[in-house]
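Undergrad: My structure is below; once you've seen it, I'll send some questions.
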Amino acid sequence: MALDIVIFGGIGDLSLRKLLPSLFYLCKDGNLEPQSHILCVSRKEKTCEEFLDLVNGKLKEYVKEDYDENTWQKFCNIISYKKVDLTIQEDWHGLRDHLNISDQEENRNIIYYLSVTPSLFTPICQQIKLNDLNPEYSRVVVEKPLGEDLNSAEEINEVLALSFKEKQIYRIDHYLGKEAVQNILHLRFSNHLMETVWSKDHIERIDITVAETVGVESRAAFLDRVGTLRDMVQNHLMQLLTYITMEAPASLDADDIRDEKLKVINALRPIDEKNVGKRTIKAQYVSGEVNGRIVPSYLEELEQSELETTGNGETFVALRLNVDNARWDGVPFYLRTGKRMTRRYAEIRMKFKPPSSNIYQMNDSNELIIEIQPDLTVSIHMLMKQLMGEVSQLNAHRNQMDLNTSDTNLARMPEAYERLILEVIKGNQTYFVRDDEILASWKWIDGIRLGWDTTGQAMQNYVAGSMGPELE
Ligand code: BG6
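Each position in the sequence shown, counted from 1, maps to that position plus 155 in the numbering used here.
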């Protein structure tokens with residue numbers, strides 16, 4: 156199938172660090188047809204040689220030992236560079252000629268990847284429409300930040316809708332490209348064992364944690380402006396939450412799955428000025444030790460960055476929330492995420508109720524732990540008889556189920572971007588966020604922010620290298 160991928164911001168950081176390496180891997184694994192073409196676009200002048208040198212150097216840096224000359228020879232035959240100044244009409248005409256848009260081949264794919272700041276979505280989408288660059292078979296890929304609140308997210312949706320139908324729009328949340336996240340639906344809906352216990356009748360509480368060890372570093376200005384609630388919870392944690400709580404979709408059709416996710420977001424009990432103090436914590440790290448190294452505090456990091464910041468952004472958030480529907484009525488969900496924490500990991504921990512006849516008088520119970528990173532495991536915490544112990548002596552075991560079946564021939568686990576780009580090429584929207592879903596989650600997040608503002612909720616501190624303050 157003829158495929159054109161046009162990357163706006165084609166020589167920017169995301170493109171060089173993630174997109175081109177992912178496409179290199181797709182090429183290496185034979186997932187890109189030889190007639191495919193990747194066009195990197197930016198407003199800088201660059202000769203073909205300069206461009207190829209740049210990409211070659213970055214690929215060696217990012218794909219490391221997976222780099223090989225053979226694949227590079229194939230890859231450099233399908234990538235090229237074009238200077239397009241978004242404000243110059245001739246440049247757009249040049250792009251149109253290059254894409255040979257009038258050629259209405261059946262099954263042709265044109266993918267526009269907007270790897271640029273959202274403020275450029277408007278001029279790009281307007282020009283795409285003006286120059287008739289949006290035939291039925293074209294698609295557009297965008298990724299966060301998709302808005303900073305409900306209003307700005309609505310604006311982005313409207314801008315994209317200028318040139319593309321919702322069926323053509325792929326909003327990336329890279330957590331949906333993670334193997335362990337995709338596996339949640341399989342775990343839930345293909346195992347009777349899981350399906351039967353997946354509700355308030357059996358589950359006492361659910362904890363979703365995404366802990367990072369990185370600080371704000373070069374992204375200080377952005378992260379300080381939006382804070383962790385908007386940078387991590389509105390998107391990545393919300394995706395984990397919806398996968399864990401949604402009802403079984405009518406089918407595996409992308410919209411059936413996304414309909415169910417939307418219903419969960421709409422069932423989230425609002426957090427506002429009335430309950431925000433009890434249900435949320437926001438905090439910033441102070442200096443401490445992470446991975447054996449003393450790191451500066453958040454405010455010191457901002458100062459060192461010399462960027463314009465206010466110091467108001469939170470680097471840690473904890474939330475206690477409820478999903479007000481029949482399945483989850485009364486079950487508390489604890490979400491926590493932060494930077495500069497003890498170690499980097501993401502997991503979902505589901506604590507089960509004790510058995511109804513507590514003859515062993517335990518204060519422990521079963522847990523199901525889905526580890527998303529760094530390892531991909533599903534483990535079950537079981538209580539068994541202690542070896543050679545008395546009749547009442549119990550031992551807790553965590554038995555692990557391996558996500559990778561033993562017959563897998565995978566030499567490496569593909570990165571989230573690689574998997575998601577492949578889904579865009581296939582035209583499968585399952586792992587992409589729909590317009591209404593993104594608005595619903597912003598609406599809920601805006602309520603928390605308004606609650607913080609109205610009540611003047613205090614910013615707490617935590618020592619870098621710790622797991623942050625506890626929410627009861
Ligand atoms: C990004 C956030 O979306 O996700 C970053 O903007 C964060 O602040 C990153 O560090 C975390 O992604 P991952 O895949 O490393 O957990």
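Quick reminder that beta carbons are idealized off the backbone N, C-alpha and C, glycines included.
(1) Opposite residue 296 in the DSSP bridges: which residues?
(2) Assign residue 496 to one of three DSSP states: helix, strand, or coil.
(3) Let's see if you can read the secondary structure: which residues bound the alpha helix (DSSP H) around residue 602?
(4) On the three-pair Cβ rule with 8 Å, is the segment 382 to 396 touching the segment 442 to 457?
(5) Tell me which same chain residues have a C-beta within less than 7 Å of the C-beta of residue 413, skipping the five on either side of it?
(6) Among residues of its own chain, excluding the 5 on either side of residue 176, which ones have a beta-carbon nearer than 7 Å to its beta-carbon?
(7) So, does the segment 327 to 337 touch the segment 526 to 546, judging by three or more C-beta pairs under 8 Å?
(8) Could you spell out the range, first to last residue, of the alpha helix (DSSP H) harbouring residue 415?
(9) Output yes or no for whether 8 Å exceeds the beta carbon distance between residue 495 and residue 370.
(10) So, using beta-carbon positions, are residue 191 and residue 256 closer together than 8 Å?
(11) Quick one: which unbroken alpha helix (DSSP H) runs of 4-plus residues sit fully inside the segment 495 to 530? Chain order, please.
(12) Skipping 5 residues on each side, what residues in its chain have a beta carbon closer than 7 Å to that of residue 627?
(13) Considering only C-alpha positions, which residue in the set 311, 532, 548, 299 is nearest to residue 556?
(14) Would you mind stating whether residue 472 and residue 436 have Cβ atoms separated by less than 8 Å?
(15) Residue 536 bridges to which residues according to DSSP?
(16) Go to residue 351, then tell me how far its alpha helix (DSSP H) extends in each direction, as first and last residue.
(17) Tell me the residue span of the alpha helix (DSSP H) that contains residue 177.
(18) Where does residue 298 land, buried or exposed, given buried means 16+ other C-beta within 10 angstroms?
(19) What does the alpha-carbon distance come out to for the pair residue 443 and residue 618?
(20) Do the segment 485 to 501 and the segment 353 to 373 meet, that is, are 3 or more Cβ pairs less than 8 Å apart?
(21) Determine, using beta-carbon pairs with one atom in the segment 284 to 291 and one in the segment 243 to 254, whether at least three such pairs fall under 8 Å.
(22) Starting from the Cα of residue 228, find the closest Cα among 608, 208, 247 and give me that residue.
(23) Let me confirm a value: residue 126 is counted as buried when at least 16 other C-beta atoms fall within 10 Å, else exposed. Which label applies?
(24) Could you please give the first and the last residue of the uninterrupted alpha helix (DSSP H) stretch that includes residue 432?
(25) Counting Cβ pairs closer than 8 Å, one from the segment 600 to 619 and one from the segment 308 to 325, do we hit at least three?
(26) Assign residue 561 to one of two classes, buried (16 or more other C-beta atoms within 10 Å of its C-beta) or exposed (fewer than that).
(27) If you follow the alpha helix (DSSP H) that residue 224 is in, where does it begin and where does it stop?
(28) Of the residues 427, 468, 294, which one's Cα is nearest the Cα of residue 376?
(29) Can you grab the Cα-Cα spacing for the pair residue 571 / residue 552, in whole Å?
(30) Say yes only if the C-beta of residue 530 is nearer than 7 Å to one or more non-hydrogen atoms of the ligand BG6, and no if none qualify.
(31) Please list the segments of the beta strand (DSSP E) lying wholly inside the segment 461 to 490, counting only runs of 3 or more residues, in order along the chain.
(32) Just the Cα atoms here: how many angstroms apart are residue 463 and residue 493?
(33) State yes or no: is the C-beta of residue 367 nearer than 7 Å to some heavy atom of the ligand BG6?
(34) Pull up the DSSP beta-bridge partners for residue 210, would you.
(35) Which term fits residue 181, buried or exposed, when burial requires 16 or more other beta carbons within 10 angstroms of its beta carbon?
TA: Concretely, from the data shown:
(1) Within the sequence shown, residue 296 is the residue found at index 141, counting from 1. Beta-bridge pairing links residue 296 to 268, 325.
(2) Stepping through the sequence shown from its first residue, residue 496 is reached at position 341. Strand.
(3) For the purposes of this step, residue 602 is taken as the residue at position 447 of the sequence shown. Taken as a continuous stretch (DSSP letters only), the alpha helix (DSSP H) holding residue 602 covers 590 to 610.
(4) Cβ pair count under 8 Å is below three, so no.
(5) Counting from one through the sequence shown, the residue named residue 413 turns up at place 258. Around residue 413: 589, 592.
(6) Position 21 of the sequence shown, counted from the start, is the residue given in the question as residue 176. Hits under 7 Å: 214, 217, 218.
(7) yes
(8) On the sequence shown, residue 415 is found 260 positions in, with the first residue counted as 1. 409 to 421 is the extent of the alpha helix (DSSP H) around residue 415.
(9) The residue labelled residue 495 in the question sits at position 340 within the sequence shown. The residue labelled residue 370 in the question sits at position 215 within the sequence shown. Contact flag set, yes.
(10) Stepping through the sequence shown from its first residue, residue 191 is reached at position 36. Stepping through the sequence shown from its first residue, residue 256 is reached at position 101. Contact annotation: residue 191 and residue 256 have beta-carbon atoms that are not nearer than 8 Å.
(11) none
(12) Here residue 627 refers to the residue found at position 472 when the sequence shown is read from its first residue. The answer is none, since no qualifying residue turns up.
(13) Taking the sequence shown and counting its residues from 1, the one referred to as residue 556 is at position 401. Ranking the options by Cα distance to residue 556, first place goes to 532.
(14) Taking the first residue of the sequence shown as 1, we reach residue 472 at position 317. Taking the first residue of the sequence shown as 1, we reach residue 436 at position 281. Yes, they are a contact pair.
(15) One-based indexing of the sequence shown puts residue 536 at position 381. Bridge partners of residue 536: 522, 553.
(16) Along the sequence shown, read from residue 1 onward, the residue named residue 351 stands at position 196. Residue 351 -> alpha helix (DSSP H) spans 347 to 352.
(17) The sequence position of residue 177 within the sequence shown is 22, counting from 1. First-last of the alpha helix (DSSP H) with residue 177: 175 to 183.
(18) Position 143 of the sequence shown, counting from 1, holds the residue named residue 298. Answer is buried; the Cβ neighbour count reaches 16.
(19) Stepping through the sequence shown from its first residue, residue 443 is reached at position 288. Stepping through the sequence shown from its first residue, residue 618 is reached at position 463. So the alpha carbons of these two residues sit roughly 5 Å apart.
(20) yes
(21) yes
(22) As a first step, residue 228 is located in the sequence shown; it is residue number 73 there, counting from the start. Of the candidates 608, 208, 247, the one whose C-alpha sits nearest the C-alpha of residue 228 is 208.
(23) Residue numbering for the chain in the displayed model covers 156 to 627; residue 126 lies beyond these limits and cannot be assessed.
(24) Locating residue 432 in the sequence shown gives position 277, counting from the first residue. That run of the alpha helix (DSSP H) goes 431 to 434.
(25) no
(26) Counted from its first residue, the sequence shown places residue 561 at position 406. For residue 561, the predicted model reports a pLDDT of 48, less than 50, meaning its position is unreliable; a value from the coordinates is still stated below. Answer is exposed; the Cβ neighbour count stays below 16.
(27) For the purposes of this step, residue 224 is taken as the residue at position 69 of the sequence shown. Here the alpha helix (DSSP H) through residue 224 covers 224 to 233.
(28) Reading the sequence shown from its first residue, position 221 is the one you call residue 376. Considering only alpha carbons, the answer is 468.
(29) Reading the sequence shown from its first residue, position 416 is the one you call residue 571. Reading the sequence shown from its first residue, position 397 is the one you call residue 552. Going by the C-alpha atoms only, they are around 32 Å apart.
(30) If you number the sequence shown from 1, residue 530 lands on position 375. For the ligand BG6, not one heavy atom lies less than 7 Å from the Cβ of residue 530.
(31) Counting whole runs of 3 or more residues, the segment 461 to 490 contains the beta strand (DSSP E) stretches 471 to 476.
(32) As a working mapping, residue 463 is identified with position 308 in the sequence shown. As a working mapping, residue 493 is identified with position 338 in the sequence shown. Cα to Cα, the separation comes out at about 22 Å.
(33) In the sequence shown, residue 367 corresponds to position 212, counting from 1. In this structure, the C-beta of residue 367 approaches the ligand BG6 to less than 7 Å from one of its heavy atoms.
(34) On the sequence shown, residue 210 is found 55 positions in, with the first residue counted as 1. None; residue 210 has no bridge partner.
(35) Residue numbering aside, residue 181 sits at position 26 when the sequence shown is read from its first letter. Buried, by the Cβ-count rule.
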